[in-house]
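Here this note's numbering is used: position 173 in the sequence shown is 196, and no number is missing along the way.
Report on the structure given below.
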Amino acid sequence: MIAPARIAAYNILRDVSRGRDLASAVVSARAGLSDDRDRALAAEIAAGVQRRRAALDVLVEARAKRPLKKLDPQILDILRLSAYQLLYLTRVPASAVVDDAVKLARRSGKTSAAGFVNAVLRALSRSRGNLPLPARPADPADRDAALDYFSVTLSHPRWLAARWYDRLGFDAAESWLQFDNAAAPITLRANRIRIAPTDLAERLSRADIRVRPGRFAPDALIVEEGNPLRSDLDPGLFLVQDEAAQLVALLAGPAPGTRVLDACASPGGKTAAIAAAMECRGLLVATDIRDRRVELLRTTVAAAGAANVRIVQADVMRPLPFRGSFDCVLVDAPCSGLGTLRRDPDIRWRRHETELPAFAAAELTMLRQAAEGVRPGGRLIYATCSSEPEENEHVVDRFLEITPGFTSLPATAAAPALPSETVDTRGHLRTEPHRHGLEAFFGAVFTRSLGDL
Numbered sequence: 024m025i026a027p028a029r030i031a032a033y034n035i036l037r038d039v040s041r042g043r044d045l046a047s048a049v050v051s052a053r054a055g056l057s058d059d060r061d062r063a064l065a066a067e068i069a070a071g072v073q074r075r076r077a078a079l080d081v082l083v084e085a086r087a088k089r090p091l092k093k094l095d096p097q098i099l100d101i102l103r104l105s106a107y108q109l110l111y112l113t114r115v116p117a118s119a120v121v122d123d124a125v126k127l128a129r130r131s132g133k134t135s136a137a138g139f140v141n142a143v144l145r146a147l148s149r150s151r152g153n154l155p156l157p158a159r160p161a162d163p164a165d166r167d168a169a170l171d172y173f174s175v176t177l178s179h180p181r182w183l184a185a186r187w188y189d190r191l192g193f194d195a196a197e198s199w200l201q202f203d204n205a206a207a208p209i210t211l212r213a214n215r216i217r218i219a220p221t222d223l224a225e226r227l228s229r230a231d232i233r234v235r236p237g238r239f240a241p242d243a244l245i246v247e248e249g250n251p252l253r254s255d256l257d258p259g260l261f262l263v264q265d266e267a268a269q270l271v272a273l274l275a276g277p278a279p280g281t282r283v284l285d286a287c288a289s290p291g292g293k294t295a296a297i298a299a300a301m302e303c304r305g306l307l308v309a310t311d312i313r314d315r316r317v318e319l320l321r322t323t324v325a326a327a328g329a330a331n332v333r334i335v336q337a338d339v340m341r342p343l344p345f346r347g348s349f350d351c352v353l354v355d356a357p358c359s360g361l362g363t364l365r366r367d368p369d370i371r372w373r374r375h376e377t378e379l380p381a382f383a384a385a386e387l388t389m390l391r392q393a394a395e396g397v398r399p400g401g402r403l404i405y406a407t408c409s410s411e412p413e414e415n416e417h418v419v420d421r422f423l424e425i426t427p428g429f430t431s432l433p434a435t436a437a438a439p440a441l442p443s444e445t446v447d448t449r450g451h452l453r454t455e456p457h458r459h460g461l462e463a464f465f466g467a468v469f470t471r472s473l474g475d476l
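The following block contains the structure:
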């Protein structure tokens, strides 16, 4: 019998190979598993394969003695997940990994490849102490050697590794890539509408869930032991949300009684955080475009008890049905997601450098459309979870160049609670793995002049 977690991990990798995003593939596969340990292992294997895919492919190709493109896609996924277990999950006996891989090949209708799978994995297992991967260069200034190490051993696209090496230098880039390859802890945001962070931590402790406060966000709790999502606690007491994303919501400021627009709101974590800062007083309009995302937004808002939120289905790529109506407008724009490779490791293989101009153009359009909803004297916030300047400061600069009536405002002026170490020299919110131990998020704030409409 094949271990259920390995079957689930294989199914996840097959879905990802066919173009599905890892997060939704994991959710679907986990639903078919009854044991929490199997759910956790399947997700760990699938995510680990995406984090280490380049290294795994080099090793598989070396032991297979043939190019990857000549391998059957199903066999390649079996070899990847098995190689990951052999090299990175050493608590699993090698014999069990190899045996299950052979059975998976037969179960997938690839009986003729079973012997090949067995031979490749046994050869890989025997050479675990001497893997043919690029070593950390003795001279970090050797760009080619550094990029070989980054792109293969640390398993990131070479184009992205080159950007970070050129922009940040060897040490910072290496730290960033190693951060991306570590599993992300569950991070919660206490729902202040219903509970204070200290009280939530106490309740979690009584449920045998150990947490520690976040380093930067005031409502963040990092789970160190246990799983709050499998507990009996009321899920409306907290939301799962990265600490960097929580900092973006701070830019809206505490504004009870005001009018706020969250223009790209789903799944609703920032909407709920802003509602809490508003003490559920005033009006908070939350919009998104796709039906599924609007329903997800409704579910999040209802669970949080955010009574002042009104949900509107709207496309921020087009003129919105609001003009000069809001004290604050937040545009947390859909982007490349290159700042979230720890949480979403498959993104590194789905994105290409040539896509960045198109992302930036769409983000600029969204920002300009949403800007029309800001009242004179009001505030506009632009945020992304991208690491790349084309989507961040370049969009900010272009917006200011072509949009009269708006000027930049330092992030700390908009959000006094924002830690100063998360603000860059231009006054923008910027979190980076090598500096903050957080995913790479960006936030800029603008004000609209009083005479402009």
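Backbone N, C-alpha and C fix where the C-beta goes; we use that ideal spot for every residue, glycine too.
- Each of SER472, ASP447, ARG181 and SER148 was checked against the Cα of PHE465, and the nearest Cα belongs to ASP447.
- Counted as a single uninterrupted DSSP element, the beta strand (DSSP E) harbouring GLN336 occupies residues 332-336.
- In the structure shown, SER359 adopts coil according to DSSP, grouped into three states.
- If you compare the alpha carbons of ALA337, ASP369, THR470 and GLY249 with that of PRO399, the shortest gap goes to THR470.
- Here the C-alpha atom of SER409 lies approximately 9 Å from the C-alpha atom of PRO357.
- The beta-carbon separation of ILE216 and ALA299, rounded to 5 Å, stays under the 8 Å limit for a contact.
- Taking PRO236 as the centre and dropping the five residues before and after it, the same chain places the C-beta of PRO220, ALA224, ALA243, LEU244 and ILE245 closer than 8 Å to its C-beta, in chain order.
- Comparing C-alpha distances from ALA146 to each of GLU424, LEU109, ALA136 and GLY259 shows the shortest one belongs to LEU109.
- If you ignore the 5 residues before and after ALA195, its C-beta comes within less than 6 Å of the C-beta of HIS457, all in its own chain and listed in chain order.
- ASP350 sits in a strand when the DSSP states are folded into three classes.
- Residue pairing of ALA26 in beta bridges, as defined by DSSP: absent, with no partner found.
- Remark: C-beta atoms of PHE422 and LEU390 approach each other more closely than 8 Å.
- LYS293 sits buried, since 16 or more C-beta atoms from the chains shown fall within 10 Å of its C-beta.
- By the Cβ-count criterion, GLY138 is exposed, with fewer than 16 other Cβ atoms from all chains shown falling within 10 Å of its own Cβ.
- Taking 8 Å as the cut-off, the Cβ atoms of ARG43 and ARG76 do not count as close.
- Relative to GLY305, the option among VAL332, ALA106, SER150 and ASP122 whose CA is nearest is VAL332.
- Under a 10 Å Cβ-count criterion, TRP199 is classified as buried, with 16 or more other Cβ atoms of the shown protein chains found around its own Cβ.
- For PHE349 against ARG282, the beta-carbon gap comes to about 5 Å, under 8 Å, which counts as contact.
- Sequence-distant Cβ neighbours of LEU56 in its own chain, meaning closer than 8 Å and more than five residues away, are PRO27, ALA28, ALA31, ARG62 and ALA65.
- Inclusion of GLY291 and THR323 in the CB contact set at 8 Å is warranted, their separation being smaller than that value.
- In this structure the stretch 377-387 lies against the stretch 417-431, because at least three pairs of beta carbons, one per stretch, are closer than 8 Å.
- Counting only the Cα atoms, ALA272 lies some 28 Å from ARG190.
- Remark: C-beta atoms of ALA185 and TYR172 do not approach each other more closely than 8 Å.
- Out of GLN392, ARG315 and ARG253, the CA that lies nearest to the CA of LEU284 is found in GLN392.
- Counting only residues of its own chain and dropping the five nearest sequence neighbours on each side, ARG226 has a CB closer than 8 Å to the CB of ILE218, LEU256 and LEU260.
- For ALA243, DSSP records a beta bridge to ARG212.
- Assigned with DSSP and collapsed to three states, THR377 falls in helix.
- Residue pairing by DSSP places ILE404 opposite LEU353 and VAL468 in a beta bridge.
- The residues GLY450, in chain order, have a CB closer than 6 Å to that of PRO433 in the same chain once the five nearest residues on each side in sequence are set aside.
- Under DSSP, VAL283 shares a beta bridge with LEU307 and CYS351.
- In the three-state reduction of the DSSP assignment, VAL143 falls in the helix class, which pools H, G and I.
- Annotation note: the stretch 189-234 contains the following uninterrupted alpha helix (DSSP H) runs of length 4 or greater, listed N- to C-terminal: 193-203 and 220-229.
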